[in-house]
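Sequence positions in the sequence shown follow the numbering used here and run 119 to 1048. Using N, Cα and C, we set each Cβ at its ideal position, and we do this for glycine too. Here is the structure we will look at, set down as structure tokens.
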Amino acid sequence: MVHVDKAFFATGNAAKTALNSDDLIVSIIIPLPTETERIMTFKAADRHGGDSTELNAVGKFVLDTNGKTINNATLVIGGVDRKPWLAENTARLLIGRPLSADSDSILTDAIVAMDKELDKIPYVDKTPKMEHRKALARAALFRFIVSLTRSQPIERMPIARTAKLHAHQKVPSTQIASDAVGRPIPHQSAKVHTTGEAKYTSDIKIAGMLHLALVQSTEAHAEIISVDPSAALQIPGVVDYVDVKDIPSGGTNMPGMDGKLFMIDDSPIFADGKVEAVGQSIGAIVAEDVETARRAANLVKIEYKRLKPILTIEDAIEAKSFHFRADPHEFLRDWSDGEDYFKECRFVVEGNVVMGAQEHAYMETQSAICIPEENDEWLIYTSSQMCAFAQLHCSSVLGIPKNKIVVKTKRVGGAFGGKAVAQCGYARNPALIAANKLKRPVKCALSRREDLLVTGTRHPMKAHYRIGCDEEGRLVVADFEAYINGGYTIENSYLVAMALAMNSDSCYRVPHMKSKCYPCKTNIASNTAMRGYGIPQAYYLMEVAISHLVQEAHIDPVEFREKNHAQKGWICLSGEVIRNDNLNDCWQQCKTISRIQELQKEVNEFNSLHRHLKRGMAMSSVRLGLPHEGPTEQSFALVQIYLDGSVSVSIGGIEMGQGLFTKCIQVASRALGVPVSRITMLDASTDKTANAPMTGGSQGADVHGNAIKAACEVLAERLKPIKEEFPDGNFDTWIWTAYERKIGLSAAVHKTVPRHEFGLGGGSTYYTTGVANTVVEIDALTGEHRLISVDIVMDCGDTLSPAIDIGQIEGGFIQGYGLYAMEEYEYADNGNLLTNSFGKYKIPTADVVPEKFRVTLLEKSDTHPGMIYSSKGIGEPPLILGICPMLAICEAVNAFRLDTGQQPTFLPLESPLTALRIRQACNAIVMPNK
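In structure tokens, the structure reads:
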């Protein structure tokens, strides 16, 4: 028997113990405590569920027979040393100490002793993370001793229970059974998603196919002196090494530089003499299997000459490193008198905000298969949000016409903008170059680590705000200056900066406003489009500024926000007019459903009864104009009816799990008058639907739905005479009769968003709006928090599919919650990504979903009748509502600070609001009566 004591970890490393390498553990014996022993545990983590601990602790206390004196004590803490750490001096100090309700001196002495012990551990440094762990160690000791001396249960958060199933809206009783629009039908691929039978790009197997793994830079900024793949090429199964020299004559290493798809992108496929980010592709190894390719890629030797990297926004500002030019995107609203507008204000505040990056965290990594065929033709399978974009890039890379290339996508395993533009080429373009060189099919499916290194994220932001209101609490003026970290190439950064600046008035009526944003050029992976496209950063900037203002002016934040919402007809900072908008209705209904007055009383009562657990309540809103004017608001649909009466629909839109294909089936069901069981959505493919727009921006159903409806109406019109001639027939007989009479059973229609026929010019034709109310609970000692309740009211117009829309709202909200309150992206000082796995990068889990999570779709909505069946896009707006928990956390922090006599000064908390930042903001001093 081996005792797990101090000697068990004598080596100083928790990975090495007193066990021999050939020992086999057959049982673990944990003795039960005696009547005089007290065993206590403590655990603190960054999120609830599926997370490693930031710090854990166990205390064993042996009391005398009367339970009044500590006869012996053992304290073990994990997270402050490389092995479980025994706080021997602290434990020794506790021996012989009497326990009583007023024995605060025990706590004082013990914490002082522990601080001294912690400072002697070599592993303990002065980094914020280690200071946080030291504070958690104090919190553990505090809770142990309070429980002993005051006979009170340890005040801790209960284990969260997840939400129950919710009922969805029902269709009108007058709607015919075959009409699927508005019915909560399951996602088209729900069953195969559940069973694991859904086929993705990386599941496709081709005879003779090779596999490719990237050779990635380990330096953030350096000249490449030499590349030596010889060791890799000696491994059995390795076929070749490819790099920039293998791009064919007439091709290009920068396929985005032609600017044909709305933007100029200088992202290279392979580094050419210089690397500008850790993870940038230098070359690639091609092998007979993926394991061999990845193993060999690590053996390629690269000699660098290091250059000084620019990693942060602060670095870029100091170096004046910006993409293209130093001129920012600037938007003005009635700014002729500039600074004079602030003189009209009763209250003016200013400050800085910092917002971190967010990883897309799609389940399917970037992947592609490139298959050379006869006559210089190509078949490409790719995990892309836009087949036409992939086709254009492949054409540029090889220097051949686009009609030689067919790009197909059946489905994408999540994207969120991360597979929209250059990012989806990180797997496809190297595979294309290798397949062209070797004349064999080549697959590249990135490992998770490769994907995290080479692809970018949502843009981090740093911004300065100045904002003012009058005596009545009405906004008068705002002046914002923002910087975003674009990474080493321009990619989407210039357009994201524009979107951030032009949407920074968010939902509010700001009569006088100036907003500008600079895209910074740095030596990290190129940041890119992500769900919301700069608007989540814009909302964060405005909401933090308003939170500061209402605290300074002592105005109720809910009343202030409601009073300052822009109304229909208001001209926004972007120059667009608000139309077909229902924000006020959403706001009032959310207040009613959440019982806001009673809820605030419940929060206040909870706070009065708890010392270190505090709750906060907040409301927030979102307004997003759709669809986006320009070339992306067009679509082409091909609808075909077969002789058995079954129907196929082809569009260029991509199913990414968001339910686009399910909604399209519902549209076709109503337009053709057939049940959904007869309709199948086919793969997106450029040989059927050429030049289709990118799927994203919350407008997939808007653009593709109208095209499908129009194509179905063409077919319905052709069948109309037959139906009239044979009224007792059915769909099957009508189709056969049409075939016999040589009537076409295929229809292809190109459709754009209708504007002029409804008297609309440019800009958005409608606004999707929503409101959230959230209650959050924090632990001031550890910084942990949990969602108590979430109420959301969303205007989806006349919803095409309530089950899909509510699923998007729930998922979008939780993703936004992760952005603002959980997901922290970290780089080392040399540019290496520290959060290079989903064990280190913390995305929300099912455990964070509150039991009370209620979503209501607004029933009476102002909509644009030209949109498909008067519905509204829903993909991005609910993510922005994820800021609501962050605002509620701030309210809880303020409640604790006021309760502990701290100054009620505004604290512009950095996003994401991690446990470390919440604990620091609370400034909970672990001492008696504090």
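DSSP lists Leu-332 and Val-360 as the bridge partner or partners of Ala-402. Classified as buried, Pro-920 has 16 or more neighbouring CB atoms from the shown chains inside 10 Å of its CB. Under the 8 angstroms Cβ criterion, the segment 547-566 counts as touching the segment 482-494, having at least three qualifying pairs. Ala-257 places its beta carbon 7 angstroms or farther from that of Thr-1018.
In chain order, Asp-588 and Glu-589 place their CB closer than 6 angstroms to the CB of Arg-464, counting only its own chain and leaving out the 5 sequence neighbours on each side. With contacts defined by Cβ atoms closer than 7 angstroms, Ile-696 and Lys-686 form a contacting pair. Counting the other Cβ atoms within 10 Å of the Cβ of Met-481 gives fewer than 16, which makes it exposed. If you keep only unbroken alpha helix (DSSP H) runs of at least 4 residues inside the segment 717-797, you get 778-790. Within the model, the alpha-carbon separation for Tyr-885 versus Asp-913 is close to 9 angstroms. Ile-602 counts as buried, since at least 16 other C-beta atoms from the protein chains shown sit within 10 angstroms of its C-beta. Of all alpha-carbon atoms in Arg-592, Tyr-359 and Met-327, the one lying nearest the alpha-carbon of Ile-498 is that of Met-327.
For Asn-416, the number of other beta carbons within 10 angstroms of its own is below 16, and it is reported as exposed. In the structure shown, Ser-513 falls within a helical segment according to DSSP collapsed to helix, strand and coil. Linking Val-198 to Asp-237 through their CA atoms gives a straight-line distance of about 10 angstroms. Between Ser-766 and Gln-758, the C-beta gap is smaller than 7 angstroms, which places the two residues in contact. Around the Cβ of Met-812, a 10 Å sphere holds 16 or more other Cβ atoms; the residue is buried. The alpha-carbon separation between Val-539 and Ala-331 amounts to approximately 21 angstroms. Annotated three-state conformation of Gln-476 is strand, per DSSP. Residue environment: His-982 is assigned as buried (16 or more neighbouring CB atoms within 10 Å of its CB, all protein chains considered).
Contact between the segment 651-665 and the segment 457-471 is present: three or more C-beta pairs spanning the two stretches fall below 8 angstroms. Between the alpha carbons of Ile-840 and Gln-293 lies a gap of roughly 24 angstroms. Thr-780 is the residue among Asp-850, Ala-350, Thr-780 and Ala-1042 whose C-alpha sits nearest the C-alpha of Arg-529. Taking C-beta separations shorter than 6 angstroms and ignoring five residues to either side along the sequence, Ser-139 has no partners in its chain. Between Asn-954 and Leu-570, the C-beta spacing is below 7 angstroms. Contact check for Ala-1013 against Asn-641 fails: the beta carbons are separated by 7 angstroms or more.
Each residue's CA atom was taken as its position, placing Arg-584 and Val-1011 some 23 angstroms apart. Secondary structure at Glu-153: coil, using DSSP grouped into helix, strand and coil. The segment 555-636 contains, as complete alpha helix (DSSP H) runs of 4+ residues, the segments 566-572 and 611-620 (chain order).
Rounded to the nearest whole angstrom, the C-alpha separation of Leu-918 and Pro-749 is 24 angstroms. The count of Cβ pairs closer than 8 angstroms, one atom from the segment 796-804 and one from the segment 728-735, stays below three, leaving the stretches out of contact.
Gln-334 counts as buried, since no fewer than 16 other beta carbons sit within 10 angstroms of its beta carbon.
For the set Ser-513, Lys-958, Leu-761 and Asp-846, the Cα lying nearest the Cα of Leu-863 is the one of Leu-761. Look at Val-144 here: in three-state DSSP terms it is coil, with no helix or strand label. In its chain, beyond the 5 residues on either side, His-339 have a beta carbon closer than 8 angstroms to the beta carbon of Lys-426. Burial check for Pro-548: the Cβ neighbour count within 10 Å reaches 16 or more, so the residue is buried. Arg-713 sits exposed, since fewer than 16 C-beta atoms from the chains shown fall within 10 Å of its C-beta.
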